[in-house]
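Okay, so here's the structure we're looking at.
Number of protein chains: 2
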Amino acid sequence: MQSPTDGKQMNTPQTPLRPVSMPLHRQLRDLLMARIKAGEWSPGTYLPPETRLAEDYGVAVGTLRKALLDMAAEGVVVRRQGKGTVVASHDSDAVLFRFFNLRRPDGSTLHPESRVLSRMRRAASSPEAAALGLKPGADVVCITRVREVDGTPIIFEHIVLDAARFGALERTPELLPNTLYQLYQTDYGATVHRAREQITAASATGTCATELALHDNAPLLHVHRVALDYSGTPLELRLSWVNTASLYYHTEV
Amino acid sequence: MQSPTDGKQMNTPQTPLRPVSMPLHRQLRDLLMARIKAGEWSPGTYLPPETRLAEDYGVAVGTLRKALLDMAAEGVVVRRQGKGTVVASHDSDAVLFRFFNLRRPDGSTLHPESRVLSRMRRAASSPEAAALGLKPGADVVCITRVREVDGTPIIFEHIVLDAARFGALERTPELLPNTLYQLYQTDYGATVHRAREQITAASATGTCATELALHDNAPLLHVHRVALDYSGTPLELRLSWVNTASLYYHTEV
DNA sequence: AAGTGGTCTAGACCACGCG
DNA sequence: GCGTGGTCTAGACCACTTG
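Line by line, the protein sequences are chains R and X. Here the first sequence stands for residues 0 to 252, numbered as in our numbering. Here the second sequence stands for residues 0 to 252, numbered as in our numbering.
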């Protein structure tokens, strides 16, 4: 790891901290993660084989292996016997809809279409700034859209992004894709890794009721979602109002 | 594993199936799980040390270790350096409320009290039987209760259990505890390992509206939960109606 | 056939909990 | 001090993928 003369467990010898040193496999994990985050290996790229990496870092294969297995458990990489270890690319339908938890009564999954109503740039409200970790009043890009299945509108959606990072989204691309998370990855190098959701009961009102073709006060599910990247940095705030008349929100604990 | 003369990778030699044989560590995991499920090691019990177990099964420590680590990742056991490997006992507050996803607006957790409204035994409805994996019309025990925080009712709850297994719950104990899952474990040897939830928007009506002190058609969150044990057997069906006026349902993806 | 990750073994030392 | 699980090493063979 440091020099060839280091014995086992002798990482960072001159560091009398608490803990004296993180386990080697943890350090390796962090180093590899850093190289991925730096873009040295982008999503879809194969990492060098275990033996090569272990040699490079001067550690046993088993140790490096533990680091890679941990990363695979986190979903950062995917390991395939006979092929190699590839940086996870979140662009297959299955993965893109990992964050989409709505299902039909029979349990089948939905793949709705999207229709954008508006895009604009404005100052963040105070709760928006808080959710995204921005300074109060910072600029945000705001997208409003309706998502429909078989022509029936089921979700009214309000998306808020940091304009400093995603400002271009106000205009380009002309047509926003249905799967925004893929766009964040390809065009902005921002990979959504996990999301926190707060669900409450709500009633349809105003534009939301109109767009969902519901009478006022129809019961809706309100979902407040903050999407985060690997390191826990908030990327997107998404407020959804869902008509659950013919579907349900699914979760496992 | 089988006989001392077996070479490496030579498990179940006469089995030309596909796959020929599961990995050793997988077989070990299954054997250990079976012994736990059989009650040989009950929740809270320490398993024999790695070295001892490896010796017993005639495998390398590393292999047995992999089995235990997998089980720990699943939450079946907890491993503690210097102490040993203990069968997970789901009786601490933190774990008991692992399935309780409601929080206050500030993010703090709730610990509601329960008030039982009724207990009865009756034939299962068809969707109830389906959810619990019972034959249509099988007997079930049905508990209705209200859960409140600081004296304010927030959840109206309907619990359905297989009478063949939980029949005694109709009468004993006289006072049902707040944390039913703990009771299932201690009195019925049934450990809730995970749960599947279906969430929809609903409106308050009838007894539910009355008990929650809400006007008719007030918006509610409806949660349909099936609680499962280690092997995926349904243990409990729970229908909850939640007043989310001063709290939200939290989930991470 | 060559190269990859997956499994299994064997043995060393370290960090932790407890008496 | 002793026994526990945690880390690390080294090397073997197996199963899968590709050319």
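By construction, the Cβ of each residue, glycine as well, lies at the ideal position given by its N, Cα and C atoms. If you're wondering where the values come from, they're calculated on a predicted model, not measured in any experiment.
In terms of Cα proximity to X/P22, the closest of X/D92, X/D69, X/L101 is X/D69. Under the three-state reduction of DSSP output, R/Q26 falls in the helix class. When DSSP states are grouped into helix, strand and coil, R/E210 belongs to the helix group.
Taking the C-beta atoms as reference points, R/F155 is found nearer than 8 Å to R/L211.
Distance check between R/M119 and each of R/H192, R/D55, R/H89, R/R170 places R/R170 closest, using alpha-carbon atoms only. Nearest neighbour of R/A53 by Cα position, chosen from R/K65, R/P42, R/H221, turns out to be R/K65. Within the same chain, S88 come within 6 Å of X/G43 by CB-CB distance, once the 5 residues on both sides are set aside. In this model, R/D149 and R/L95 are separated by some 20 Å (Cα to Cα). Between X/T199 and X/H221 a beta carbon distance of about 5 Å is seen, short of the 8 Å cut, so the two are scored as contacting. Going by C-alpha positions, R/T209 is about 13 Å away from R/L219. Residue environment for X/Y180: buried (at least 16 other C-beta atoms within 10 angstroms of its C-beta). Taking a beta-carbon distance threshold of 8 Å, R/P218 counts as an interface residue toward chain X. For X/M119, the secondary structure class from DSSP, reduced to helix, strand or coil, is strand.
In the DSSP assignment, X/H157 forms a beta bridge with X/T143, X/L238. Separation of X/S117 and X/V140 (C-alpha to C-alpha, rounded to the nearest whole angstrom) is 11 Å. Contact annotation, R/D228 with R/H192: C-beta distance approximately 5 Å; criterion of less than 8 Å satisfied. Assigned with DSSP and collapsed to three states, R/L179 falls in helix. Interface flag for R/I158 against chain X is unset, since no Cβ pair is found closer than 8 Å. Along the stretch 193-225 of chain X, going in chain order, the ones with a CB nearer than 8 Å to a CB of chain R are R193, A194, R195, E196, Q197, I198, T199, A200, A201, S202, N216, P218, L219, L220, H223. Around the Cβ of R/S230, a 10 Å sphere holds fewer than 16 other Cβ atoms; the residue is exposed. Note on X/H24: 16 or more other CB atoms within 10 angstroms of its CB, so buried under the neighbour-count rule.
Taken in chain order, the complete beta strand (DSSP E) segments of 3 or more residues contained in the stretch 43-124 of chain R are 76-79, 83-86, 112-122. R/V241 and R/I158 have their C-alpha atoms some 14 Å from each other.
The C-beta of R/E251 comes closer than 8 Å to at least one C-beta of chain X.
Of the residues assessed, R/S41 falls on the exposed side of the cut-off, its CB having fewer than 16 other CB atoms within 10 angstroms. The criterion of a C-beta distance shorter than 8 Å is not satisfied by X/P233 and X/G166. In the three-state scheme derived from DSSP, where H, G and I count as helix and E and B as strand, X/S202 is classed as strand. X/F98 and R/E173 have their C-alpha atoms roughly 44 Å apart. Three or more pairs of CB atoms, one per stretch, sit closer than 8 Å, so the stretch 71-87 of chain X contacts the stretch 46-60 of chain X. By DSSP's assignment, R/H221 forms a beta bridge with R/T199, R/W240. Pairing R/V252 with X/A130 gives a Cβ-Cβ distance that is not under 8 Å.
A straight-line Cα-Cα distance of about 25 Å links R/T108 and X/E235. The continuous alpha helix (DSSP H) containing X/R164 extends over residues 162-165. In the three-state reduction of the DSSP assignment, R/L227 falls in the strand class. Here X/L168 is not near X/V115, since their CB atoms are 8 Å or more apart.
Distance from the CA of R/G38 to the CA of X/P135, rounded to the nearest whole angstrom, comes to 57 Å.
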